[in-house]
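Everything below concerns the one structure shown next.
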Amino acid sequence: MKWLGLIATAFTGILLLSATPYFPSFGDPNSPANAGVNGGVSVSQYYITETYTDTKVPNIVTAVLADYRGYDTMFETVVIFAAGVAIFAILRSFGGTTIPSHPTAIDTSVEGDHQRIIIGMTCKLIIPVIQLFALYVVAHGHHSPGGGFQGGVILGASFILMALAKELDTALARFSEKRYLALACVGIFIYSGFGLLCVALERNFLDYGILHRLMPATDEIMARSHSMLGVEVGVAFTVTAIMFAIYANLSSKGRLEQGF
Amino acid sequence: MSEQLPAILLLSPLFGALITGLVGMTDHRRCFPILATALTVSLFCAISLLAQVVKSGPIDYFVGGWDPQRVPLGIGIQLRIDGINALLLVVITTVALLTSIYSIRRAGEENTEKTPQFYMLSQMLCVGLLGITVTADAFNLFVLVEVSSLTSYALVAMGSKPRGTMAAFNYIIMGTIGASFYLLGVGYLYMKTGMLNMAAIHQILSDPNVGHSPTVYVAFILILVGVWTKMAFFPLYGWLPNAYSYCPSTTSCLLAPLMTKVSVYVMIRVMLSVFGSEWIFQSLGWSHTVVWLACIAIVAGSVLALAQVELKKMLCYLIVAEVGYMVGGAWLANHWGMVGAIYHILSDAFMTLCLFIAANIFIKNRRAERIDQLEGLFKKMPITTTGFVIGALAMIGVPPTAGFFSKWYLLRGGIESGQWGYVVALLISSLVNAILFFRIFEVAYFGKNPVESHDAHHDHEDETQPSSVGDSTLFSGEGRPTTVIPLLITAAIIVLLGVFNGPIVEIIQQALDGMPVVGAAIR
Amino acid sequence: MIVSFDLVILVFLIITAAISLRVRDLLSAAMILGVYSFLICLLWAEMGAVDVAFTEAAVGAGVSTVFMIATIYHTRRRSSD
Amino acid sequence: MEFIQNSVLPHFNYWVYVILMMIGLYAMITKKNLVKKLIGMTIFQTAIILFYVSIGVKTGSTIPILEHHAEEHGEAVTDTGGHHEEAPGEHESHDSIHAVDPDHFANPLPHVLMLTAIVVGVSTLGVALAISQSIYKDFGTLEEHEILEKIKQGGPGIDV
Amino acid sequence: MDNAVHSSLPLWACLASLLAAPVIVLFRREPSLREGATFVSAFVKLGLVLAMLPIVAGGKVIEFTLIDGFAGINAPIMFRVDGLGMLFALVASSLWIVTSLYSIGYMRGLHEHSQTRFFAFFAISLSATLGVAFAGNLLTLYLFYEMLSLATWPLVTHHQDKEARTGGRTYLTYLLGTSIGFALPALIFTWIKSGGDLSFGGDAILASAGLSHLQGLVLLLAFAFGFSKAGMMPFHSWLPGAMVAPTPVSALLHAVAVVKVGVFCILRVVTGVFGVQLIGPGGLDVGIVLAWIAAFTVIVSSLIALSQDNLKRRLAFSTIGQLSYIVLGAALATKLSVTGSILHIAAHAVGKITLFFCAGAIFVATGKKYISQMAGLGRTMPITMSAFFIGSLGVIGLPPTAGLISKFHLVMGTAEAGEKGLLLVFLVSTILNAAYFLPVVYQAFFPKAGTVPEGTPEKFSWSTVREAPWACVVPLSITALLSIILFFGSGFLRELVGQFVSGLGF
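As they're listed, the protein sequences go chains A, B, C, D and E. For the first sequence, counting from 1, position 233 maps to 233 in this note's numbering; every step adds exactly one. With positions in the second sequence counted from 1, the corresponding number in this note's numbering is that position plus 1000. With positions in the third sequence counted from 1, the corresponding number in this note's numbering is that position plus 2000. With positions in the fourth sequence counted from 1, the corresponding number in this note's numbering is that position plus 3000. With positions in the fifth sequence counted from 1, the corresponding number in this note's numbering is that position plus 4000.
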C-alpha cells in the first residue's frame, strides 16, 4: 500500500508539475482567468466592472455568490444541510443506555470547578458579543467581507462554545434538536423560496429583480440587493443550525446528552 | 409555466426533502406521500421536458435571468437540456420513484427511527443527480456532485452492518479524491479559459493556441480520472463492491442504478460539450488506450464477478464491467459507439435496478445472500424470479430486452472503428454473464443438490393430483406487493425499452447532431 | 501581495502539514492542523481573498478543529502512524 | 538555475500547492489511522483551494470590494433604503462603474468558488468524522489494518 | 414488393401457442383441460398455417410488420412468409399435433412430474419456432432463435437431476455461446456491410456489398457455427448431451423445432443473406468450404453413430449427419441441391420423429434403452418396429419414403455442381446410414439365437403383443404413414419449394 501510494502520488505530482511551467505567471493581471482569452469577454472583469450597476452591492464576492452564481450557493447550502441530515442519519442513536447526567471523567475536583467557573463566566461575557458579531457579519456582507456562511459559522460556533464551556445540555436547552433541524430546513426554504417567488412572478429561478414588485419602494436593482440579504439570512440559518448539529452529534456520539 | 420546468424539476424533490424534514419528524407515515408527490412532480417535469426537447430542440435555462441577451455568456449559471439528458432525467426520476415504492415499508424496517432522514437523503440525492444532469456549468456540476455524494455516503453508512460503515469510509475517501480531481481539472480549465460555462469553455478551447496547451491536457486527465473514480472505472473501482453490497437494501436499489450511470453521463457530457469530440479524438488521440482500458475493465469485472459467492457482490462487479462497456463505447470515437454508450446508460439503469430489487427481495424473504442459498426459488417465488430472470437476460443481452440493443449499438461502434479488442471483450463479458446467471438459474431451478438419478422421482409427484404448487401456496413465498410491483414494472420497462428502442435512439441521435462525434483522424 | 511574506507562510504551511501528519498524538495533530488552517487563512488574506480567508478562519481553523477534537475525544488519541 | 528562474519562481505558489496536495494525497492513501486520513483529506482540499485562489491574484490589486471606490463618487453605498431617486442614482453609479479598473481588484470568481469548496470540505469532514465514530463503535479501533483484520476474522456482529 | 400480401396471419399463427401457455398454466390442476388447451392451440396453429398456404403456394409472400420502431437498427420486427418458411412452418405445426398426442401418452405413461411446465414451455418453443420460420429479417430471426434456446432449456433439464443439469449446461453453453460469440457479430457485420438492411425480401442482403473472399468466408462460417443448432462439427456435442431430456422433447429437438431451426437459419443465410450466386463458384466461392465441413460432419457422425449402443444416442448422431446433408446442399448453392436441402427438412423431420417416437415407445413399454437389448422386440411390438423400419428407410433415403426424394435432389445437385468427392461422401454415408439402422430392425424381427433377452416370446403372435399406450403408438404410426405419403405426394411439396427456389435467381 505504501509503495502504491507513493507511486500514485509521485505520478500525480509529476503530472501536475509538468503543466505548471505553462501556467500564466503568478499574479499576472492579464492571465486568461483575470482578463479573458485574447481580449474576449472575461467573466471576472464583468463582475468587477458591472456588479455595482447590476446589484448595487459593493462586495463583489457577495454579489457573485448570492446573485450571479446564486444557484451554486443554494446547492452549497443544500450540501451543508445534507451533511447535517447525514450525520443525524449515521450517528444519532435514540434511547439506549442512559449515562448519569453528571460528568465524572473530567472534573470532579475543586480545581476543576474553579476552572469551570472562570470559563463559564468568560463565556457568559463573550458569547453575546460573538453572536452580535455574527449577526453583523451576516448583515454587513454586502459591504465588507462576510455573509451568510461566515456569520452562520460564527453563530453556530457561539453555541458550540456554550456547549464546550458548560455542557451540551445547556446549549441544547437553548437550541434543541427539533429547533435546529427545523431552522436548517427553514434556512433553505428561505433561499429557495426567494427563487420560487421569482418563478411565481414569471421570471427565471432566482431572478431577484422581479421581486421589486413585492418590495415597496425598490427598483429591480435594489430588489436584487435586498433579496441577496434575504438569501444570506437563509444561508446563515442553515449553517448555524447544521454546524451546531454536527458538533452536538459528534461530541455525544449521537446521544445528544452529556457531551463533553 | 412550461419554461420554468427545469427549475421545478429540481425544486420539487428539494422541497420534498425540506417538508419531510419539517413534517415527517413528528409523523413517519407522512414521509412517503411527500416523497411520492415530489418525485411524481419531477417525473412529470422530466417527461414534459423530454417532449419539449423532442419537439423543439434543446432548452437553455438561465438561472437568475442572466441570459446572453442581457449579459455575456457565462455570467450566470446555465442549465441545458438536450435529448440525452432529458432521457436521463426521465430515467432518474423513474428509478427513484420505483425505489421509493420499494422502500415503503423497507425503509421503516431498516432504519426505524431515521425514516424521515432516509427519505430526505434520498430526495436530496435525486436533486443532486438531476442537477448534475441538467447543468451546463462546470463548477456547478462539482457542487451537485457533492450533494449527491454526501447523501450517498450517508445512505451507505446508515445501515447496521459494520462492514457497511467501513465501506462508506472508503467511499468517502475515494469520492473526495474523485471530486477533488474534477474540481482541480475545472480549475486548470478556468485558468486557461477564464470561463466556467461549458459552451464558453468549448468555444475557447477550439482555438488551437489554447486547446493545445499542456495545461488543458492535464485538466482533461484530471477531470477524467476524477470522473472515473466516481464511476468506479476499473483500476479505481475498489470502493464500489463493498459500499453497494453492505448498505441497506433500499440504498443499494437507489445508488446502484443511478450513481455510476450519472457519472458516466458526466464523462460523456464533459467529452462532448466541454472539450468537444474533435479535440478529444483528433488532437488527443487516446481513444485506443482508453478503449483498451475499458476492455480490461470489462473482462476484469466479469472475471471478478465470476469469483463471487454473494449475489449482491456479484452484481456489484457486474456494474464495474458495465461501466467498462459505457466508457469503451464513448471512447470508440464514432457515432454508434456514443449512441450505444448513452443508450446503455439508460438500459443499464433499469437492468441494475431490476436485479438489485430482486436480489434484495431474495435476501429479505429467504435470507439468501449467497448464490447457493437460492435453491428452489423458481417454485417458491415465481413472480420475483421472473423479474430477476428478465433483468438477467437483459444483462446477458438476449433479445428483445434493452440489454441486447445497447450491446448491438456498442458492437456496431466497435466494429466500425475497428476496435476488435473491445468487440471481443464485449462478447466475452456477455458469455460470462450468461454463465453467471445460468449458474444462478440452475441453483434456483434445481436446488443445490439435485436428485442423483431421474428414475427416483418419477413417482414422487403425480400430476393427476393437484400439484404441490397450488394457488394458496404459489405466491406465499413472494415478497410484499410493494416490493414485487416495482420489480415487475422495471422488468416491463426493460422489455419495452428494448422493443421501442427506435424512438429513443432517434432522440439520442438528434441530440448528437448538435455535437457530432468526430472520429479519429488517422486510423 | 508581498512575496517574501508569501514564501515564508508557504514554507510554514508545508512544515505544519508534514508535522500534523507525522505526529502520533491525534490531538496534537488536530491542533497543528488548526495552525495550518490559520496560516493558510493568513495567506489568503494576504492574497486579497478576504472572504475566503474569513471563511477558512471560521470553518477551517475553528469549527473543523473542534469537530476533529470531538471525534478524537470519543475514540482513541494514539495513532499507529 | 535558469529552470528555477523561468519555471519555478513565477509559479512558486503552484509548486507549493502541488507539494501540499501530494502530502495530502499520500496521507489519504497510505495512512492507516482513519483520522489521519481525514487530516490528509483536509490538507488535500485546502491545497486545491490555494490553487484556485492563486489563479485570481493580480499583482498590485486590492480586495474585491468596491466600497471606498463608491464613496469617492459621493454615492453612499450604504444608502440602500427606500430613497427613490432612481434616475439620478442610476446615473451616478453608472459613472462610478466606468471608472472601475478591473486590474485594480482581485479576481472575485475564484473566491466565490472556493467559499463553496470550503463549505463542501467541512461538510465532508463532518460526515467522515461521524462515520469514523460509528466505525469505532463497531470495531473498537480506528486503525485500518486492525479493522481489516477484524473483518477477516469475523468478530461479533461482523458477518464475513 | 408487388407480390406481397399484408396480413396479420403469421403473427397469430406464431402467437397461437404462446397464448396457450398461460392457459395451460391456468389449468394446471385439470390435466385433461390442460392438454385440451394444448390440442386446441395446436390445431388452431395448423389451421392458421394452412390458411396461409394457398397464398404462398400461389407464388406470393405474406408480410406483416409487428414493430417498426428500431430506428437505429433500421430493421423492424417483421414477418415474411415465403415458400421456405411455409414449408418449415407446415412441418413444425403439423408435427406438433402428433408430438402433443405422443407426449401425453408418454408423460402419463411414466407419471412424469411438472407436466404443466413441460406443456407450457413446449408451447412457447413452438411459437419461437414459427417465429423463426416466418422471420422477415435477420434480426427477427436472431430474436426468435435466442428465444427458442431459452424456452427449450427447461425442457431439456426436465428431470432436474444431475445428469439433466450437465446436459442443460452443455446445451446452453453451446447454443448461447455460439450465437452470442459468432452469430451476433456476424449479424452486426452484415448489417454494417449492407448499410443497415437486414430484410430477406428482394435481393440477398449482401449481394452488392462488395465483400472480399476472406470476409465472405469468415462471415459464412461465423453464421454456420453461430447457428449451432444445426449441429455442425465441432459444435455438435450439445445434441447428444441433450438426450437426457424426455423422449417427446428429443422428438421436438430433433424433428420439429430446434435442429431444424438451425439448418433453416443456415438456409436463410445462404439464400437470403449471401444469395446463391455469391456463395457459389460464380461469386465468392465460399460455399465449397462449408460443404466440405458439412461432408466431414456427415461421415464422422455416421461413424460415431455406428458405435453407439444407446438407441437415442445413435439417433442423435444420425441427426447430426442428416443435418449436415441439408447444410451441404445449401452450401453447394445449385438449384437442385437447394431444393433437395429444403425438401430434406421435411423428409428428415418425418423420418426422425418416427424413430424417436419408436425409441420412446420402446422405453415406455419395456424400459429398454440399449440396442443390444432389443433383439426380438419385433415380436412384442410389431407396429412400433414396423414404423421404425419405415422411419429408417426415410432417413437412409430408400423408397417408398420421402427421404428418397430429397436425397435424390441432393445427389443430383452435387452432380450438377460437379463435386465428385462429395458424391462419394453421399455414397459412403448412405451405406453407413443403412449400416447403423438396418441391423436394429433386423435384430428386432430376426434375432440371432442367444441374443434374445429373457421374457421374449419365441414366436410372433398377436396375443404376445405388448405395445406402448395407444397415445404413443398412434402418433408414430401417423408419422410413419406420413413419410410414405410424402413420397407419393411429393409433387405438392416440390411445387412449393420450386416456387421459392425459382425466386432465388439461378
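Cβ coordinates follow ideal geometry from the N, Cα and C atoms, glycine included.
- Within the region 1492–1523 of chain B, no residue has its Cβ closer than 9 Å to any Cβ of chain A.
- Considering only B/V1299, B/I1383 and B/Y1409, the residue with the shortest C-alpha distance to B/S1347 is B/Y1409.
- Rounded to the nearest whole angstrom, the C-alpha separation of E/V4338 and E/V4501 is 7 Å.
- Taking 9 Å as the CB threshold, B/T1037 stays off the interface with chain D.
- Between C/L2026 and C/R2076, the gap from beta carbon to beta carbon is short of 9 Å.
- Counting only unbroken stretches of 4 or more residues, the alpha helix (DSSP H) elements lying wholly within the region 1125–1194 of chain B are 1138–1157 and 1162–1193, in sequence order.
- At a cut-off of 9 Å between beta-carbon atoms, E/P4185 makes contact with chain B.
- Per DSSP, the beta-bridge partners of B/F1062 are B/Q1078.
- For E/E4063 and B/E1278, the gap between their C-alpha atoms comes out near 44 Å.
- By the Cβ test, the region 4231–4245 of chain E is in contact with the region 4281–4296 of chain E, since at least three Cβ pairs between them sit closer than 8 Å.
- Nearest CB-CB separation between A/F88 and chain B: below the 9 Å threshold.
- C-alpha of B/A1392 to C-alpha of E/L4175: approximately 17 Å in a straight line.
- Beta-bridge partners assigned by DSSP to E/F4064: E/F4079.
- Not one beta carbon of chain A lies nearer than 9 Å to the beta carbon of C/V2011.
- A/T12 counts as buried, since at least 16 other C-beta atoms from the protein chains shown sit within 10 angstroms of its C-beta.
- For the 9 Å CB-CB criterion, A/V79 and D/S3123 form a contact.
- Between E/S4228 and E/G4272, the CB-CB gap reaches or exceeds 9 Å.
- Chain-ordered, the chain D residues with CB closer than 8 Å to the CB of C/L2026 read N3033, V3035 and K3036.
- Under the DSSP definition of a beta bridge, B/D1513 lacks any partner.
- Judged by beta-carbon spacing, A/A8 lies within the 9 Å limit of D/L3025, meaning their Cβ atoms are closer than that value.
- Under the Cβ criterion of 9 Å, A/N34 is counted among the residues facing chain B.
- It is roughly 32 Å from the alpha-carbon of B/D1060 to the alpha-carbon of A/V239.
- Residue B/M1166 holds the alpha-carbon nearest to the alpha-carbon of D/K3152 among B/K1230, B/M1166, B/Q1117 and B/I1173.
- Going by beta carbons, E/Y4171 and E/T4157 fall inside the 9 Å limit.
- Look at the region 4275–4315 of chain E and you find no whole run of beta strand (DSSP E) that is 3 residues long or longer.
- When C-beta atoms of the region 4119–4137 of chain E are compared with those of the region 4012–4027 of chain E, three or more pairs fall below 8 Å, so the two segments count as touching.
- Around the beta carbon of C/V2008, fewer than 16 other beta carbons sit within 10 angstroms, so the residue counts as exposed.
- Taking 4 residues as the minimum length, the alpha helix (DSSP H) runs contained wholly in the region 4359–4445 of chain E are 4377–4380, 4382–4396, 4402–4417 and 4420–4445, in order along the chain.
- A Cβ of chain A is located within less than 9 Å of the beta carbon of C/F2054.
- Taken through DSSP and simplified to helix, strand or coil, C/D2051 comes out as helix.
- A direct Cα-to-Cα measurement between A/R179 and B/R1030 gives close to 20 Å.
- Taken through DSSP and simplified to helix, strand or coil, A/D72 comes out as helix.
- The region 1056–1076 of chain B makes contact with the region 1185–1197 of chain B; the number of CB pairs closer than 8 Å reaches 3 or more.
- In its chain, beyond the 5 residues on either side, M162 and A163 have a beta carbon closer than 8 Å to the beta carbon of A/T170.
- Between the C-alpha atoms of B/V1063 and A/Q150 there is a straight-line separation of about 24 Å.
- Nearest C-alpha to B/G1340 among B/E1310, B/L1236, B/L1189 and B/V1517: B/V1517.
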